[in-house]
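J.: To start, I am sharing the structure in question, which I have written as structure tokens.
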Amino acid sequence: HQSVTGHLKRDSNPRTTREQDLEDVIQKSKKIGLKAIVAVAEDAGEFDKIIQICERFPGFVFPCLGVHPVQGSPPQQERGATLQDLDAALPLIEKYKDHLVAIGEVGLDFTPRIVNTDKGKEEQRQVLIQQAGIAKRLDLPLNVHSRSAGRPTIQLLKEQGVQKALLHAFDGKPSVAMEGVKAGYFFSIPPSIIRSEQQKLVQQLPLENICLETDSPALGPEKQVRNEPQNITIAAEYIAKVKGVPLETVMETTTQNALKLFPRLKLLL
Ligand SMILES: [Zn+2]
């Protein structure tokens, strides 16, 4: 009875092939009771691969495509998203639009290492605004990343009239998150919550606005260890403990929330 949004990327485990590794990750997540996985893109270069993975696991892995506010890798080459990055993504979003369950990851990341000028921040805003427009046109929810930009992100979503949004791994103040709750937005909690400073956020968010995510391979329970969808249970158990409700209640409610947020998932499952 669980739902998850996260990134499914392949790694280079030398003991197995990548294909076998992916198969194992999917099997383990089914075993713990996951009903669906949303595979989330960060840049246009990943879109085809994500669609291939979703086609390989029909009815279980679903695609979410969008341009993340941080582009470029490895870490030294990370930079803020530009309209050129969006231009590269637009034809592919159009091509795959009928398969998507959401547009994302999109958002704002004002980490100084990523962006340190007003111009850079404004460009991230424009990339987000355009994708909010696409989501509206396609009647899809937005899967939103925000880092060091909680308040401006929620403000922008509200200004743009966004009605369906998931704020993933939100690092802003609980009071700012509650502004999002008022707008009907959902907040997803990753397994890294057990080692994060955002525990007050879980206390304050109503269970009716919480979803589960893993953000695999990032945001696992242990730093620097690859995260996997099966770790979703760690986030669920943590929420149950903080809220003082049975684990079953957390699983059931977050599943219902995910189905509300991703209406296409409901049709496809
Ligand atoms: Zn993110």
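With the numbering used here applied, the sequence shown has no gaps in its numbers, which climb one by one up to 286 at the end.
Just so it is clear, CB atoms sit at the ideal spot from N, CA and C, and this is done for glycine as well.
Note that the structure is predicted; figures quoted are calculated from it, not measured.
1. My output table needs one value for Gln-37: the three-state DSSP class, helix, strand or coil.
2. Quick one: is Ser-20 buried, meaning 16 or more other Cβ sit within 10 Å of its Cβ, or exposed?
3. Which residues neighbour ligand 1 when neighbourhood means a C-beta less than 6 angstroms away from any of its non-hydrogen atoms? List them by chain order.
4. Taking only three categories from DSSP, how would you classify Asp-126?
5. Whole angstroms are fine: how far does the CA of Gln-69 sit from the CA of Glu-36?
6. Measuring CA to CA, which of Ala-194, Phe-127, Val-87 and Ile-210 is closest to Asn-248?
7. Could you check which residue in Ala-200, Lys-48 and Met-195 has the C-alpha nearest to that of Gln-177?
8. Using 8 angstroms as the threshold, is the stretch 117-128 in touch with the stretch 153-164, meaning 3 or more CB pairs across them?
9. Ordered along the chain, which non-local residues of its own chain (more than five positions away) have a Cβ less than 8 angstroms from that of Val-219?
10. Looking at the strands, I want to know which residues DSSP matches up with Val-161.
11. Could you tell me how far apart the beta carbons of Gln-141 and Ala-98 are, in whole angstroms, since I believe they sit closer than 8 angstroms?
12. What does the Cβ neighbour count give for Glu-230, buried or exposed, with the cut at 16 atoms within 10 Å?
13. Which ranges would you report for the beta strand (DSSP E) in the stretch 221-270 if only whole runs of at least 3 residues count?
14. Using 7 angstroms as the cut-off, classify the Cβ of Leu-174 as near or not near the heavy atoms of ligand 2, replying yes or no.
15. When DSSP labels each residue in this structure, what does Pro-91 get in the three-state scheme?
16. With 16 other CB atoms within 10 Å as the buried threshold, where does Ser-192 fall?
17. Give me the Cα-Cα distance between Thr-271 and Leu-264, rounded to the nearest whole angstrom.
18. In terms of residue numbering, what span does the alpha helix (DSSP H) encompassing Lys-190 cover?
19. I'd like the list of long-range same chain contacts for Arg-27, defined as Cβ closer than 7 angstroms, with 5 residues on each side in sequence excluded.
20. What's the gap between the Cα of Phe-74 and the Cα of Asp-60?
21. To the nearest angstrom, how far is it from the Cα of Arg-164 to the Cα of Lys-47?
22. How should Ile-49 be labelled, buried or exposed, when 16 other C-beta atoms within 10 angstroms of its C-beta is the threshold for buried?
23. Would you call the CB atoms of Leu-183 and Gly-197 closer than 8 angstroms?
24. On a Cα-Cα basis, can you pick out the residue from Glu-269, Leu-282 and Ile-131 that is closest to His-85?
T.: Let me lay it out:
1. For the purposes of this step, residue 37 is identified with residue 20 of the sequence shown, where counting begins at 1. Helix.
2. Position 3 of the sequence shown holds residue 20. Confidence in Ser-20 is poor, its pLDDT being 49 and thus under 50, which makes the residue's placement too unreliable to answer from.
3. Glu-122, His-162, His-185 and Ala-186
4. Counting from one through the sequence shown, the residue named residue 126 turns up at place 109. Note: Asp-126 maps to strand in three-state DSSP.
5. To locate residue 36, count along the sequence shown from 1; it is residue 19. To locate residue 69, count along the sequence shown from 1; it is residue 52. Taking the straight line from one Cα to the other gives about 12 angstroms.
6. To locate residue 248, count along the sequence shown from 1; it is residue 231. Of the residues Ala-194, Phe-127, Val-87 and Ile-210, the one whose Cα lies closest to the Cα of Asn-248 is Ile-210.
7. The residue labelled residue 177 in the question sits at position 160 within the sequence shown. Nearest option by C-alpha distance: Ala-200.
8. Yes, they touch.
9. Position 202 of the sequence shown, counted from the start, is the residue given in the question as residue 219. Contacts found: Ile-206, Ile-210, Ile-227, Tyr-255, Ile-256, Val-259 and Lys-260.
10. Reading the sequence shown from its first residue, position 144 is the one you call residue 161. Beta-bridge pairing links Val-161 to Val-123 and Leu-184.
11. Residue 141 sits at position 124 when you count from the first residue of the sequence shown. Residue 98 sits at position 81 when you count from the first residue of the sequence shown. About 6 angstroms; that satisfies the 8 angstroms criterion.
12. For the purposes of this step, residue 230 is identified with residue 213 of the sequence shown, where counting begins at 1. Buried: at least 16 other Cβ atoms inside 10 Å.
13. 227-229
14. This structure does not include ligand 2; its bound ligands are ligand 1.
15. One-based indexing of the sequence shown puts residue 91 at position 74. Pro-91 falls in the coil class under three-state DSSP.
16. The residue labelled residue 192 in the question sits at position 175 within the sequence shown. Exposed: under 16 other Cβ atoms inside 10 Å.
17. By 1-based counting over the sequence shown, the position of residue 271 is 254. By 1-based counting over the sequence shown, the position of residue 264 is 247. When rounded, the distance between both Cα atoms is 11 angstroms.
18. Numbered from 1 along the sequence shown, position 173 holds the residue referred to as residue 190. First-last for Lys-190: undefined, no H or E at that position.
19. In the sequence shown, residue 27 corresponds to position 10, counting from 1. Annotation note: pLDDT 46 at Arg-27 (below 50); position unreliable, no value reported.
20. By 1-based counting over the sequence shown, the position of residue 74 is 57. By 1-based counting over the sequence shown, the position of residue 60 is 43. Cα to Cα, Phe-74 sits roughly 21 angstroms from Asp-60.
21. Taking the sequence shown and counting its residues from 1, one reaches residue 164 at position 147. Taking the sequence shown and counting its residues from 1, one reaches residue 47 at position 30. Roughly 31 angstroms separates the two Cα atoms.
22. Here residue 49 refers to the residue found at position 32 when the sequence shown is read from its first residue. Exposed, since its Cβ has fewer than 16 Cβ neighbours within 10 Å.
23. One-based indexing of the sequence shown puts residue 183 at position 166. One-based indexing of the sequence shown puts residue 197 at position 180. In this structure, Gly-197 does not lie closer than 8 angstroms to Leu-183 by Cβ.
24. Counting from 1 along the sequence shown, the entry for residue 85 is found at position 68. The shortest C-alpha to C-alpha distance from His-85 to any of Glu-269, Leu-282 and Ile-131 is the one to Ile-131.
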